[in-house]
Every structure is written in C-alpha cells, then in structure tokens.
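J.:
There are 2 protein chains.
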Amino acid sequence: MTVTFPTRPRRDLVAPDVAHAVSLAQLLGDRSRATILAMLADGPHCVCEFATALGARENNVSNHLARLRDAGLVRATHRAEDGRLAIYERDEAAVAAARAALFTLLR
Amino acid sequence: MTVTFPTRPRRDLVAPDVAHAVSLAQLLGDRSRATILAMLADGPHCVCEFATALGARENNVSNHLARLRDAGLVRATHRAEDGRLAIYERDEAAVAAARAALFTLLR
DNA sequence: GACATATCTCAGTCACCGCTGAGATATTGC
DNA sequence: GCAATATCTCAGCGGTGACTGAGATATGTC
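Heads up: the protein sequence lines correspond to chains A and B, in order.
So for the first sequence, our numbering puts the first residue at 1; every next one is plus one.
So for the second sequence, our numbering puts the first residue at 108; every next one is plus one.
(1) Can you tell me the Cα-Cα spacing of A:Val95 and B:Leu192, whole angstroms?
(2) Based on Cα-Cα distance, which residue from B:Ala205, B:Ala204 and B:Leu209 lies nearest to A:Arg99?
(3) Could you pull out every unbroken alpha helix (DSSP H) segment of at least 4 residues lying fully inside the stretch 23 to 74 of chain A, listed in chain order?
(4) Three or more beta-carbon pairs under 8 Å between the stretch 9 to 21 of chain A and the stretch 156 to 168 of chain B, yes or no?
(5) On the DSSP bridge list, what partners appear for B:Ala183?
(6) Determine, for B:Glu156, whether the minimum Cβ-Cβ distance to residues of chain A falls below 9 Å.
(7) If you measure from the CB of B:His152, is any heavy atom of the ligand COA nearer than 8 Å?
(8) Hey, A:Leu105 and A:Leu73: beta-carbon distance below 9 Å or not?
(9) For a cutoff of 9 Å on Cβ pairs, would you count B:Gly190 as touching chain A?
(10) Taking a contact to mean a Cβ-Cβ separation below 9 Å, would you say B:Arg174 touches B:Leu134 in this structure?
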C-alpha cells in the first residue's frame with residue numbers, strides 16, 4: 001500500500017543505500033557503453049565491430065570495455081583462429097544482477 | 108538462441124538506438140536523484156525531507172527534482188494544510204516505462 | 001504588516017569523465 | 001625478420017554536470 005504524506009514533514013528519514021545501482025546506472029549512462037551492452041545481447045563481438053558500429057576509435061571502445069570488465073558485466077575471450085581478436089561476451093549472471101539492482105530503484 | 112562469433116569480424120553492424128535508455132540511466136546515475144526515486148517508492152515526500160535525508164541543501168535537491176520533473180518521472184502537488192510544501196510523488200506510468208527502457212538495454 | 005519557512009531559479013565554480021594522441025604489446029601473414 | 005592488424009594503456013585536454021551562493025516568490029505565523 002502507498003503511504004500518504006503525514007501532517008508534518010518528517011526529519012528522521014534515512015536515505016536508502018543506492019550506491020551499487022548508481023554506479024551501474026553511470027555505466028549505462030553513456031551511449032558507447034549502453035550500445036555495447038545492447039549489441040552483446042545478440043551474441044559476442046570483437047572490439048573492431050563495436051568501433052565500426054559506433055563510429056568510434058578502437059582505443060576509445062577499449063577504454064569503455066575496460067570499465068564494463070571492471071564492473072564484471074562483460075569478459076574477454078580469444079579464439080584459436082585469430083589470437084589478435086578480443087571477443088567480448090556478456091556475463092549473464094552479472095547482467096541479471098544489474099537488472100535486479102536497477103529495478104530495486106524503480107520498484 | 109545466442110549467435111556465436113563468425114569466422115571474421117563483421118563491418119556492417121548497426122548500433123541500436125539507446126538514446127532514451129541512456130538519458131534515463133544518466134538520471135539514475137546520481138546518488139541524490141537515485142535516492143529520491145527510491146524514497147518515493149514508499150509514498151510522497153516534500154523537498155525538505157529529501158534534503159534532510161540526503162544531507163544536501165534544499166536548492167540542490169530542488170534542482171534534482173526539476174530534472175526528474177522534466178523527464179516526467181515525478182510531479183509536484185500542494186496540500187491545503189500548508190501551501191508552502193511541495194509534495195513530490197512518482198508518476199508510476201513513467202517509472203514503469205523507464206523500467207522497460209532499461210530492461211531493453213539489458214534484455 | 002513583519003518575519004519565518006519552503007521552494008525555486010540561475011550564474012559561477014570546480015571536479016569528473018569521455019575523447020584524443022602517442023606509444024607499447026601480441027599475433028598473423030608475407 | 002618485417003610489416004600489418006588488433007588491442008591495450010595512459011597522460012592530457014575540453015566539455016558537461018553537480019554544488020554553491022545569492023536572490024526572488026509564495027505561503028504561513030505572530
């Protein structure tokens with residue numbers, strides 16, 4: 001049920017801890033990173049594919065991928081066919097956890 | 108089903124449009140705004156309550172609320188008891204739409 | 001009316017973050 | 001070995017955005 005506003009403002013309210021959800025939202029709040037995550041929903045991609053689709057430089061994309069890696073949302077693998085390519089894929093468990101954290105904010 | 112990485116990188120990939128989800132994530136990517144939205148899940152609050160809970164100044168909170176208002180996520184009302192108080196409540200339809208947009212990013 | 005309270009607006013400042021440029025590493029193909 | 005390709009790292013620059021300070025408005029209280 002929804003609580004109605006009391007007669008007088010309350011001064012004892014405690015701010016909920018939103019730090020985790022905020023850091024996730026900051027990651028999603030960039031066009032490049034959001035696009036990367038959306039593209040990864042359809043399967044793995046290499047850095048050069050992101051760079052082409054985004055119209056961005058590869059070192060720029062690499063920086064964004066490092067942020068996503070640090071957050072655990074994606075991981076890099078290498079294929080035997082061409083060891084130069086860094087193939088990125090989503091960590092589905094981490095993505096599900098991120099979904100849950102953001103939904104808690106907007107529950 | 109998940110698509111595996113092809114033999115060669117593709118150069119014809121198109122970046123999906125994530126603009127709306129990104130702007131929402133930017134709104135959530137700030138501790139003050141995220142806290143405000145989380146507090147509003149339990150019912151309406153006035154500006155001074157947010158300011159106290161956040162340890163922030165009221166003009167600062169007012170600025171954040173203006174951002175959330177512009178995005179349509181919250182709206183302000185005034186009670187008859189004290190017309191000075193601006194009581195904020197969430198727009199549940201807009202919040203649901205925001206949830207859906209962010210879910211699309213992490214689908 | 002005078003004062004206090006609650007909120008809003010906006011210009012100015014400062015810190016953070018994304019992009020660039022340069023250079024390094026590793027792998028493949030000739 | 002040498003050149004090309006793919007990626008990574010990092011310092012530096014510039015723009016965006018959050019916080020502050022000052023002032024305005026509106027309402028409530030005495």
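We put the CB at the ideal spot given by N, CA and C, even for glycine.
T.: Put simply:
(1) 40 Å
(2) B:Leu209
(3) 31 to 40, 47 to 54 and 58 to 70
(4) yes
(5) B:Tyr195
(6) yes
(7) The ligand COA is not part of this structure, which contains no ligands at all.
(8) no
(9) no
(10) yes
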